[in-house]
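Novice: Per the working numbering, residue 270 is the first one in the sequence shown, and the count goes up by one each step.
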Amino acid sequence: MTDSWVNETLYPAWGQRFRVVRELARTRSDFQDIMVFDSEMHGRVMLLDGVVQITEADEFVYQEMIVHVPLLAHGEASRVLIIGAGDGGVLKRVLQHRTVTRAVMVEIDGEVIRLAREFLPAIGGDAWDDPRAEVIVGDGIDYVQRAADASFDVVIVDSTDPIGVGEVLFTDDFYANCARLLTPSGVLVNQCGVPFMQAEELRETSLRRGKFFADVSAYVAAVPTYVGGFMTLGWSAKAAGMRELAPGLLRSRAAAAGVLGTTKYWSPEMQASAFVLPPYIQDQLSA
Ligand code: SAM
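Put into structure tokens, the structure is as follows:
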């Protein structure tokens, strides 16, 4: 075994490292540095600009929570827009729902899709070829600006952090268009980072989303390789009351959708409790 390590420097003076079994790809796309390797403990790992995006070992936590929570809170989600998420894991989970008739995924970097399909084939599975899926290589901001009013039930933003190409996905213009393209019972969920280390990210996006949505909050998921404690997913709904559902109702919706029993992190109780926030996170929503 080689004794080489990949370091992820998360913040100026903190990071994590993985022992590498084999490097599979290392390239510079038009948008970012991409690296894929076999790790000793976490299966295959993809980094963008040196930041861990996905590991085979713990991707289920993030993907299940970013998908099942909004779709089951909605209850009848048929048309779903996915922004980013080039590894295909969100698309796969969205298409597990029987209610979904159309899933449009807009990822800016075709190289991420190509490398994920080659080296992380289990993440997207058959989703790429599902007739309900439309995969577009393009900028999410352009897509939402052109999308018709009330044309989607749920928007899922699985983006990189608000630096570089991902920055436009954290702007007023982006959120205003998401609100416009959603139906009156529509929900937007977006990746908001790890607030213990990135408090500004959650605070800023919450203030901005609050300008366009009636109900703005966040929920938490513990993703081992997004280090620093809970990560947050931003919740924005055009109607109030959609995130306060009892586990019994969520269970029957999950059964009807065909996802009950398929999950390793999501459960009706986890969804109901994920909106309970520790004060240090809650403070970022109201500040
Ligand atoms: N679940 C992982 C996470 O949260 O770290 C995976 C993130 S996913 C791979 C992020 C994707 O968003 C990247 O592939 C990146 O290319 C894409 N992305 C960044 N900016 C974008 C934009 N403006 N429009 C569409 N996709 C974008």
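Cβ coordinates follow ideal geometry from the N, Cα and C atoms, glycine included.
#1: Can you find the residues in the same chain that come closer than 7 Å, C-beta to C-beta, to E292, ignoring five residues on each side of it along the sequence?
#2: Would you list the residues sitting across from F306 in a DSSP beta bridge?
#3: Any contact of the stretch 506-514 with the stretch 324-333, i.e. 3+ C-beta pairs under 8 Å?
#4: Considering just the uninterrupted stretch of the alpha helix (DSSP H) at I218, what are its terminal residues?
#5: From what residue to what residue does the beta strand (DSSP E) around V437 run?
#6: Can you tell me which residues form a DSSP beta bridge with M374?
#7: Could you check which residue in S347, P548, M304 and E277 has the C-alpha nearest to that of A526?
#8: Is there at least one non-hydrogen atom of ligand 1 closer than 7 Å to the beta-carbon of E403?
#9: In three-state terms, what does DSSP make of I553?
#10: With E538 as the anchor, note down where its alpha helix (DSSP H) starts and where it stops.
#11: Compare the Cα-Cα distances from R371 to each of I335, W274 and R362 and report the closest residue.
#12: G284: buried (16+ other C-beta within 10 angstroms of its C-beta) or exposed?
#13: Given 8 Å as the limit, is there contact between the stretch 340-355 and the stretch 419-439, that is, 3 or more CB pairs closer than that?
#14: So, with DSSP's three-state summary, where would you put S475?
#15: Is any non-hydrogen atom of ligand 1 found closer than 7 Å to the C-beta of S428, if you look at the structure I gave you?
#16: Given this structure, state the Cα-to-Cα distance separating M270 from R386, to the nearest angstrom.
#17: Any heavy atom of ligand 1 closer than 7 Å to the beta-carbon of F439?
#18: Using the Cα positions of D418 and K533, report the straight-line distance between them to the nearest angstrom.
#19: If we ignore side chains and look at the alpha-carbon of each, how far apart do M304 and G517 end up?
#20: Where does F421 sit, in a helix, a strand or coil, going by DSSP?
Specialist: Once the coordinates are examined:
#1: Indexing the sequence shown from 1 puts residue 292 at position 23. F306.
#2: Within the sequence shown, numbered from 1, the residue matching residue 306 stands at position 37. BP columns for F306 point to E292 and V314.
#3: Not touching, per the Cβ criterion.
#4: This structure cannot speak to residue 218, because the chain is shown only from 270 to 556.
#5: Working through the sequence shown from its first residue, we reach residue 437 at position 168. Membership of V437 in any beta strand (DSSP E) is not indicated, and neither H nor E is assigned to it by DSSP.
#6: As a working mapping, residue 374 is identified with position 105 in the sequence shown. Checking the DSSP bridge columns, you'll see M374 partnered with I351 and V404.
#7: Within the sequence shown, residue 526 is the residue found at index 257, counting from 1. It is S347.
#8: For the purposes of this step, residue 403 is identified with residue 134 of the sequence shown, where counting begins at 1. No, the beta carbon of E403 sits no closer than 7 Å to any heavy atom of ligand 1.
#9: Translated into positions along the sequence shown, residue 553 becomes position 284. First, the residue type needs correcting, since residue 553 is Gln and not Ile in the sequence shown. Looking at Q553 - three-state DSSP - the assignment turns out to be helix.
#10: By one-based count along the sequence shown, residue 538 stands at place 269. It spans P537 to A543 - the alpha helix (DSSP H) in which E538 sits, taken as one unbroken run.
#11: Position 102 of the sequence shown, counted from the start, is the residue given in the question as residue 371. A check of alpha carbon separations from R371 across I335, W274 and R362 identifies R362 as the nearest.
#12: Reading the sequence shown from its first residue, position 15 is the one you call residue 284. Result: exposed.
#13: With three or more CB-CB distances shorter than 8 Å, the stretch 340-355 counts as touching the stretch 419-439.
#14: In the sequence shown, counting from the first residue as 1, residue 475 sits at position 206. Reduced to three states, the DSSP call for S475 is helix.
#15: Your numbering for residue 428 matches position 159 in the sequence shown. Result yes, Cβ under 7 Å from ligand 1.
#16: As a working note, residue 270 is residue 1 in the sequence shown. As a working note, residue 386 is residue 117 in the sequence shown. For M270, the predicted structure reports a pLDDT of 49, less than 50, and the residue's modelled location is therefore unreliable. A value from the coordinates is still provided. C-alpha separation (whole angstroms): 26 Å.
#17: For the purposes of this step, residue 439 is identified with residue 170 of the sequence shown, where counting begins at 1. No, the beta carbon of F439 sits no closer than 7 Å to any heavy atom of ligand 1.
#18: Residue numbering aside, residue 418 sits at position 149 when the sequence shown is read from its first letter. Residue numbering aside, residue 533 sits at position 264 when the sequence shown is read from its first letter. For D418 and K533, the gap between their C-alpha atoms comes out near 35 Å.
#19: As a first step, residue 304 must be located in the sequence shown, where it is residue number 35. As a first step, residue 517 must be located in the sequence shown, where it is residue number 248. For the pair M304 and G517, the Cα-to-Cα distance works out to about 42 Å.
#20: Position 152 of the sequence shown, counted from the first residue, corresponds to residue 421. Strand, per DSSP.
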